[in-house]
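Going by our numbering, the sequence shown opens with residue 1058, and the numbers climb by one from there.
Even glycine gets a Cβ: it sits at the ideal position worked out from N, Cα and C.
For reference, the structure discussed in these notes is given below.
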Amino acid sequence: MNHSIIELFGKTITVTLMQPTDFKEINQWCIDEGWNIGIHDSEIYYKIDPIHHYIAKTNKSVASLSLIKHSPAFFTLGPFIVHKSYRGQGVGEALWNVGMTRIIREYPDAHIALCAVSEQVDRYKKADFIPVLSIQRWYIDSSQLISPSMSDQCTSITNKLIPSISQYYQNHYVTNRELLLKELILKPKTNGFVFMDDNVIKGFGFIRPCVRGFRIGALIADTPEIAQTLIAELLVLAQSAPVFIDVPSSNPHGIHCMNAFHAVRAPQEDTIMMIKGTGYSSYLKQWEQHYGLFSLEIG
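Take a look at the structure:
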């Protein structure tokens, strides 16, 4: 894709692929909206897929849309945002059509997942996205927690462990995420632990800096007890800052696990995961063992 031209209300809007330098501006829009994005997340998304991030411009940027390719069969959506000065003018819909048309043309059998706020669900339904589960947001005040003694079954995640953790992750997700993990551990103030039993991985979790505090995720564990052990270890690294975590409703132990840390619900920040494509149920692999999404943008 070189560019696409959109004519709206006498204005010419050019859609091109985003460059790394564009993300700083788009991230600021997200922050202005109150989104608590990961400090380094856009860098990671660009590394995973540098050719499906779109930006619409007149003489300045007016909207952006990221469609992140994880495999030829699976994409995720986000962030998708229109500058507040250009909302209600059809810019977002036009950009959406450019991006989605390209994906559907090049990957007609691909599934696309997104996390939508409740007021946008009906809009995405019209584009054939199906609600599959809800995502609950929780906040933990790490300053009020007593530091645990380090579990001898928890090990800090290093490059050497990434292939094994990636395989465990893939058993619980629809595609390989080794590149995501490799990029993640390179980022400042980002740390992870893996829980092992007789050298067999039983769970892992990461914590990374956000605009406000830290996010825990991805967090996957075989049992709620292992999940709680990992969370306790990760919270120590939050340095008394607030921590948030997005827990899928598919996990029957999620609420109990959050209550163990006196976490506070933030229902106004809940979202609905939606998937476009037939046979979408096959993309919900072992979600009952997910205790925290990596992000709302890539699940």
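DSSP-derived helix/strand/coil call for residue i
{"i": "K1244", "result": "coil"}
{"i": "M1330", "result": "strand"}
{"i": "H1313", "result": "helix"}
{"i": "I1197", "result": "strand"}
{"i": "I1288", "result": "helix"}
{"i": "F1132", "result": "strand"}
{"i": "E1079", "result": "Checking the sequence shown, residue 1079 turns out to be Asp, not Glu. Here D1079 sits in helix by DSSP."}
{"i": "I1192", "result": "strand"}
{"i": "I1125", "result": "strand"}
{"i": "S1208", "result": "coil"}
{"i": "T1158", "result": "helix"}
{"i": "Y1230", "result": "coil"}
{"i": "P1107", "result": "coil"}
{"i": "P1324", "result": "helix"}
Proximity test, residue i beta-carbon vs the ligand NAD heavy atom, cut-off 7 Å
{"i": "Y1196", "result": "Looking at this structure, you won't find the ligand NAD or any other ligand, since it has none at all."}
Backbone CA spacing between residue i and residue j [nearest angstrom]
{"i": "F1351", "j": "S1213", "result": "18 Å"}
{"i": "Y1181", "j": "D1255", "result": "45 Å"}
{"i": "N1154", "j": "T1335", "result": "20 Å"}
{"i": "Q1146", "j": "Q1210", "result": "55 Å"}
{"i": "K1117", "j": "P1107", "result": "21 Å"}
{"i": "F1271", "j": "P1165", "result": "37 Å"}
{"i": "T1247", "j": "K1068", "result": "43 Å"}
{"i": "R1159", "j": "Q1201", "result": "49 Å"}
{"i": "A1151", "j": "T1073", "result": "13 Å"}
{"i": "A1130", "j": "A1167", "result": "4 Å"}
{"i": "Q1227", "j": "R1234", "result": "7 Å"}
{"i": "V1174", "j": "M1315", "result": "22 Å"}
{"i": "L1287", "j": "G1262", "result": "6 Å"}
Distance CB(residue i)-CB(residue j) smaller than 8 Å
{"i": "H1109", "j": "S1123", "result": "yes"}
{"i": "G1135", "j": "L1171", "result": "yes"}
{"i": "G1091", "j": "R1265", "result": "no"}
{"i": "G1260", "j": "A1284", "result": "yes"}
{"i": "F1137", "j": "I1169", "result": "no"}
{"i": "H1310", "j": "P1281", "result": "yes"}
{"i": "I1112", "j": "S1099", "result": "no"}
{"i": "K1104", "j": "L1236", "result": "yes"}
{"i": "V1304", "j": "G1349", "result": "yes"}
{"i": "A1323", "j": "Y1143", "result": "no"}
Count the CB pairs spanning the region 1220–1239 and the region 1284–1302 that are closer than 8 Å, and state whether there are at least three. no
Is the region 1316–1333 in contact with the region 1187–1200, if contact means three or more CB pairs nearer than 8 Å? yes
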